[in-house]
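Report on the following structure.
There are 2 protein chains.
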Amino acid sequence: MLVDVLSDNGFTASPVSSAIEMDAVLGRENVDLVVLDIMLPGEDGLSICRRLRAGSAIPIIMVTARGEDIDRIIGLEIGADDYVPKPFNSRELVARIRALLRRVRGGRDIAQVRARPLAFVGWRIDPATRQLHDPEGVRIAMTSAELDLLLAFCRNPGRVLSREQLLDMVHGGLAGPIERSIDVHVSRIRQKIEPDPGDPTLIRTVRLGGYVFTPTVEEA
Amino acid sequence: MLVDVLSDNGFTASPVSSAIEMDAVLGRENVDLVVLDIMLPGEDGLSICRRLRAGSAIPIIMVTARGEDIDRIIGLEIGADDYVPKPFNSRELVARIRALLRRVRGGRDIAQVRARPLAFVGWRIDPATRQLHDPEGVRIAMTSAELDLLLAFCRNPGRVLSREQLLDMVHGGLAGPIERSIDVHVSRIRQKIEPDPGDPTLIRTVRLGGYVFTPTVEEA
DNA sequence: ATTCATTCGATACAAACTGAAACGAGACCT
DNA sequence: AGGTCTCGTTTCAGTTTGTATCGAATGAAT
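Residue numbers (this note's numbering), protein chains in the order written: chain A, 22 to 241; chain B, 22 to 241.
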């Protein structure tokens, strides 16, 4: 029944009835999330959960008939990401799966959200086309690194971002340039977007801290 | 009671009893997670949740007395990250908070709630843009350390703050300068904001105590 | 009232940090 | 293969910041 509900909601479900089967599926398919019943023949659900969690960060939702608090607590503390008591409403399970996927791959979901153009004080920046337009609608040429950095700022307005954080966001974590290169890019961006690059207001420096992007950013 | 439980578990909790209070706390403190009761005077819990979610990705756990599935579903679909039915075991709530924080931090992409600007005797100071404006609206240049210190004062008006406390607030706890450096910064701030820096009224010295910020401060 | 020890305010200075320009290696296009 | 563009590094000047110093103010004791 569960498989049907999930299929109806656009998921691909691979039902398994034992820990051994599960391992097999996990081994050959790309699994985004595990729905785990505590009651399974063979290895116990809690034990499976602990084992999975030890080896990966795969999202786990536990299902159990036993409604006692203590089970939920143990489940959550062992590392399950969510818990659904049985009997459950199938819409609730789907909602929880969606919520968990949304959270866990924050990366990808936000990526969709992030694909939308953003706007600040008249400027528009579009991650999809990788273009920047000034308040008059004129396109301002931006290099790749500049645009990435500006995007990182736009996605974290009003927050002090350290050079390390910015480097992470722009350079995707992989080791590369030294932190001071951020300064250079900030300087170059300022030349292009600040009304008075000598007295910047959009990207402010926080000494010993990094930089803050000050305007409010909204989707456009 | 909740506050006690959370404190016992190492969290810092700021209880509020209305949406307005909540906004105030969110504006001035660094909030990691919101526990939201559906039943609140004034704005409805679901509405608050929707509003919060519209502006930020702050983790939200909803608490409600109504145990019906439909409420949970709505709550989750609106964007709450988790749901706890009342009456709840306090250990379960703590476990859920831990689990949620763990997940969210793992994502390491928490969009913070934007800090609100503050005002005193005509002056405006905006933590988000890190700018200070005098009563005529003219921007007064402030260095990072000066602005941080003035912000610390604005967030604790009418209280005598020791140099040690101020150093903590400005320098973020990490060991650094000696206490007397606060004197120098206070002096520099006075030069910029006091009508008569020789006879300061806004930041008053408390001998053997520290300094007090005297004006009333409100959100602007 | 005077003296004395602290404490605080203001200035000066050195160290640390940031901004901007210059440079060169590498990527990309033709 | 040549040229242009981009980007990380380096360098140097300007700003910011912490500390030191000295004089003024405070408060207690004589």
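Backbone N, C-alpha and C define an ideal beta-carbon position, used for all residues, glycine too.
For residue j and residue i, the rounded distance between their alpha carbons
i, j, result
"B/CYS70", "B/LEU114", "18 Å"
"B/PRO218", "A/ARG151", "50 Å"
"A/ARG129", "A/LEU54", "Residue placement at A/ARG129 cannot be trusted, given a pLDDT of 42 that sits under 50; what the coordinates show is reported in the next sentence. Going from the Cα of A/ARG129 to the Cα of A/LEU54 covers about 15 Å."
"A/MET43", "A/ILE82", "14 Å"
"A/SER28", "A/ARG119", "13 Å"
"B/GLN133", "B/GLU215", "For B/GLN133, the predicted model reports a pLDDT of 38, less than 50, meaning its position is unreliable; a value from the coordinates is still stated below. Going from the Cα of B/GLN133 to the Cα of B/GLU215 covers about 33 Å."
"A/ASP25", "A/ILE41", "23 Å"
"B/SER35", "B/LEU47", "10 Å"
"B/GLY66", "B/PRO80", "14 Å"
"A/ASP90", "A/LYS213", "Only weak support exists for where A/ASP90 lies, its pLDDT of 49 falling under 50; the value from the coordinates is given anyway. When rounded, the distance between both Cα atoms is 58 Å."
"B/SER165", "A/VAL233", "11 Å"
"B/ARG112", "B/GLU239", "38 Å"
"B/LEU73", "B/ASP220", "45 Å"
"B/ILE59", "B/GLY143", "38 Å"
"B/ASP189", "B/SER208", "18 Å"
"A/GLY31", "B/SER77", "27 Å"
"A/ASN177", "B/THR222", "37 Å"
"B/SER39", "B/LEU23", "16 Å"
"B/ARG158", "A/LEU139", "The identity of residue 158 of chain B in the sequence shown is Gly, whereas the question assumes Arg. Taking the straight line from one Cα to the other gives about 28 Å."
"A/VAL105", "B/LEU170", "48 Å"
"B/CYS175", "A/GLU185", "30 Å"
"B/ALA101", "B/PHE109", "17 Å"
"B/ARG117", "B/ARG145", "40 Å"
"B/SER68", "A/SER68", "39 Å"
Limits of the unbroken beta strand (DSSP E) element including residue i
i, result
"A/ILE224", "224-227"
"A/VAL233", "231-234"
"A/ASP58", "55-58"
Residue range of the unbroken alpha helix (DSSP H) whose run includes residue i
i, result
"B/VAL248", "As shown, chain B starts at 22 and ends at 241. That puts residue 248 of chain B outside it, with no answer to give."
"A/VAL24", "23-29"
Distance between beta carbons of residue j and residue i, contact taken as under 8 Å
i, j, result
"B/ILE203", "B/ARG211", "So it is not a contact: roughly 12 Å between Cβ atoms."
"B/GLY231", "B/LEU187", "7 Å"
"A/ASP103", "A/LEU121", "6 Å"
"A/THR226", "A/PHE141", "Going by Cβ atoms, the distance from A/THR226 to A/PHE141 rounds to 18 Å, so no, they are not a contact pair."
"A/LEU168", "A/LEU153", "7 Å"
"B/VAL264", "B/VAL37", "Here chain B covers residues 22 to 241 and nothing more, so residue 264 of chain B does not appear."
Residue environment, residue i, which counts as buried when at least 16 other CB atoms sit within 10 Å
i, result
"B/VAL191", "buried"
"A/PRO198", "exposed"
"B/ALA136", "buried"
"B/ARG160", "exposed"
"A/MET229", "Checking the sequence shown, residue 229 of chain A turns out to be Leu, not Met. Exposed is the call here."
"B/PRO156", "exposed"
"B/THR33", "exposed"
"B/MET163", "buried"
"A/ASN51", "exposed"
"A/ARG201", "exposed"
"B/VAL205", "exposed"
"A/THR235", "buried"
"B/ALA241", "exposed"
"A/ALA149", "exposed"
"A/GLY179", "buried"
"A/ALA45", "exposed"
Complete beta strand (DSSP E) runs within the region 129-195 of chain A (minimum length 3 residues, chain order) = 139-141, 144-147, 152-154
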